[in-house]
Structures are given as C-alpha cells and as structure tokens.
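Numbering (my numbering), first residue to last: 19 to 338. From the three backbone atoms N, C-alpha and C, an ideal C-beta is built for every residue, glycine too. Since the model is a prediction, treat every value here as computed from it, not as a measurement. To start, the structure itself, in structure tokens.
This is how it looks when you write it as structure tokens:
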C-alpha cells in the first residue's frame, strides 16, 4: 500500500528522512482492527518524529501520522483516538500509553491498524477531512480548556501563538463556549485571522492585554512564558502542552506564581471520552476545525514543508 514514512532520522534536516512509497499492509493482531483511511492530518509530532524525538532508529521505517478518519471493516465512518495503551485494550497489560507512531505504524497510508477500543463513530455532520483534524491538536485544546483550565462561559482566556494547530483550536473552541478570548502572534496576518475566528483582541507577544485573564493556553514555551504568567489574574491557571520555542524560559516567575497563587498545569492529548465529547460538541454547535490546506497523500512532502516553515494557519490534511 502507498504511505508516507520516516526512513531515516535527521535532527537538523528532518524532511530528508521522509519517503513516499510502498509499505506492507497492516498485520493482523488480536483485539485490533484495520481502517481504510480517507483523510489524515499533520501534527508537529510527525515533524519531531523525523528528528528522532520519541522515535528511534530501531523502529524505522515508520509510517507517520497519528490522526485519521476513515471506514472500518463493516463500512462505518469512524475517527481514530490517537493514544494507544491508555486503557490497556488491545495492548500488553503493562504497556505505557503512547501516541500511535511512537510504537506502531501510522495513518499516512491507505490503511492503518489500531486497537478496536480506539475507534469511534464519526458524526455525520463532519466531513472526513474535518474529523481527521480532531484527535490530536483539537483534542489537546479541548482538554486544556475544559478539563485542566476548568473555564466556564464568561471567563477570559489568553491563547499564545495563534496559527498553530492547538492554538487555533483553542480560539475557536473557547469562542464557541462563551469565553472572552485574547490571542498573540508575531505575524500581523495571523493576528487578523485570530480576530476573525472570535478573539476580542490579538496582540504581539508580550503586549499588555486589556485585562488579566482567568486562564492561559500555552504551547510556545520559553518565548512567551513570562508574558503568560504576568497575564493571569490572582488564582488563575496556566495550562501548557508544548514548548515550540524551547523548554527553558529566562525567568520562571516563581515569585509571581506563589504570591498570586497561580496554578500551572501540564496537559497532554486527551482521553477517548473527551474526544467523543469534542466530536459531539462540533456536531451540535457547528464548530469546524480550521483547515489551512488539503493535499493528496502523494503530495505529503508539501504539507510537511509548510508545517516546518510555519507557513500555515490551521491544519494540513492529507486525503487518500
């Protein structure tokens, strides 16, 4: 079957290890099922895999891709939950949770095998392309907002780094849930797009907000950490799920954190129940993922290049 896969690891030039071509069909294993992929979306996790983060030489060649929507063996339209081993279903009893391609062949292929437990029905209101955007970036944003930040309608939230997959999802979901949303970006066009999606204000990183917020959605890391901490009201919550600018900020702002009794919460992906909640939320409210580009699988390299260059707003989707 045709697939896009990591053939080599290169921390400095990750795209040099990306290959497109024929790969073996998914192997049969107890408790697993094979899904025919209709659409799959790119995540920064795929780029990091090509750099060797979470993926070792011993696992190569590895078909990339964690997110997908498609059709199961019974003809049902389905969405895949990307976290494997979270429940113990379909894997070893002591296997730690992992994102699909850290251990198993991924979704950038005509077919993919996953534990039966990881398959959810796709709402008819969502296209395959829309549904394929949800299991990683959008699920991460959903959990950050509604589980770990614990925000409620009427609360205020700052989303750092508008344009990235998680940040874009957070703006759209927060607006739909009745939150007052502020966003940052270094790029003027991305700030304008954040406003179109519902942000009350979009400013350059570090700029003062109209008010201190109840929660901050942080995926940028070192470059925006101090601004995130300083933007919180007393007792507010900073939720972090990534550090694309690096993990070591110049100032940890510890005095401010303890004096104002701020909460700092780490967040990774989400549960199957949360993904089902996100799918139902989108179906019921009309919220749809922001898609930057849709490409056929044989043009996957173009999608990876856009993501590597940061030349996108929303998701890149590959269709099969």
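Can you give me the start and stop residues for the beta strand (DSSP E) that residue 250 sits inside? Along the chain shown, read from residue 1 onward, the residue named residue 250 stands at position 232. That run of the beta strand (DSSP E) goes 250-258.
If you follow the beta strand (DSSP E) that residue 87 is part of, which residue opens it and which one closes it? Indexing the chain shown from 1 puts residue 87 at position 69. Start and end: 85-89.
Taking residue 134 as the reference, give the member of 91, 162 and 270 with the closest Cα. Looking up residue 134 in the chain shown gives position 116. Here the closest residue by C-alpha is 91.
Count the other CB atoms within 10 Å of the CB of residue 46; is the residue buried (16 or more) or exposed (fewer)? One-based indexing of the chain shown puts residue 46 at position 28. Flag for residue 46 reads exposed.
Reference residue 253; option with closest CA among 126, 168 and 88: Position 235 of the chain shown, counted from the first residue, corresponds to residue 253. Residue 168 is the option with its Cα nearest to residue 253.
Helix, strand or coil: how does DSSP classify residue 190 here? Looking up residue 190 in the chain shown gives position 172. The answer is helix: DSSP assigns residue 190 an H, G or I state.
In this structure, how does DSSP classify residue 100 when only helix, strand and coil are distinguished? By one-based count along the chain shown, residue 100 stands at place 82. Coil.
Exposure of residue 298, with buried meaning 16 or more beta-carbon neighbours within 10 Å: If you number the chain shown from 1, residue 298 lands on position 280. The residue in question, residue 298, is exposed, as its Cβ has fewer than 16 Cβ neighbours within 10 Å.
Using a Cβ-Cβ cut-off of 7 Å (strictly less than) and excluding sequence neighbours within five positions of residue 301, which residues of its own chain qualify? Taking the first residue of the chain shown as position 1, residue 301 is located at position 283. Once the five neighbours on either side are set aside, the close Cβ partners of residue 301 are 141, 143 and 144.
Among 166, 290, 49 and 246, the one whose alpha carbon lies nearest that of residue 179: Locating residue 179 in the chain shown gives position 161, counting from the first residue. The option with the nearest alpha carbon to residue 179 is 246.
Spatial neighbours of residue 33 in its chain, beta-carbon cut-off 8 Å, leaving aside the 5 residues before and after: Position 15 of the chain shown, counting from 1, holds the residue named residue 33. Answer for residue 33: 68, 319, 322, 323 and 326, listed in chain order.
Measuring alpha carbon to alpha carbon, tell me which residue in 60, 213 and 317 is nearest residue 156. What you label residue 156 is simply residue 138 of the chain shown in a count that begins at 1. Ranking the options by Cα distance to residue 156, first place goes to 60.
Taking 8 Å as the cut-off, is the C-beta of residue 244 nearer than that to any heavy atom in the ligand GTP? Absent from the structure shown: the ligand GTP. Ligands present: none.
How would you label residue 222, buried or exposed, when you count the other beta carbons within 10 angstroms and need 16 or more for buried? Translated into positions along the chain shown, residue 222 becomes position 204. The residue in question, residue 222, is exposed, as its Cβ has fewer than 16 Cβ neighbours within 10 Å.
With three or more beta-carbon pairs closer than 8 Å as the criterion, would you say the stretch 265-275 touches the stretch 65-82? no
Residue 35 by DSSP, collapsed to three states: which one? Numbered from 1 along the chain shown, position 17 holds the residue referred to as residue 35. Three-state DSSP puts residue 35 in a helix.
To the nearest angstrom, how far is the alpha carbon of residue 149 from that of residue 240? The residue given as residue 149 occupies position 131 in the chain shown. The residue given as residue 240 occupies position 222 in the chain shown. So the two alpha carbons sit approximately 31 Å from each other.
On the premise that residue 88 lies in contact with residue 53, defined as a C-beta separation below 8 Å, what is that separation, rounded to the nearest angstrom? On the chain shown, position 35 is the one that residue 53 refers to. On the chain shown, position 70 is the one that residue 88 refers to. Indeed they touch by this definition, with Cβ atoms about 5 Å apart.
Smallest Cα separation from residue 278: which of 96, 249, 225 and 296? Translated into the one-based positions of the chain shown, residue 278 becomes position 260. Comparing Cα-Cα distances from residue 278 to each of 96, 249, 225 and 296, the minimum goes to 249.
Three-way DSSP call (helix, strand, coil) for residue 202 in this model: For this step, residue 202 is matched to residue 184 along the chain shown. Three-state result, residue 202: strand.
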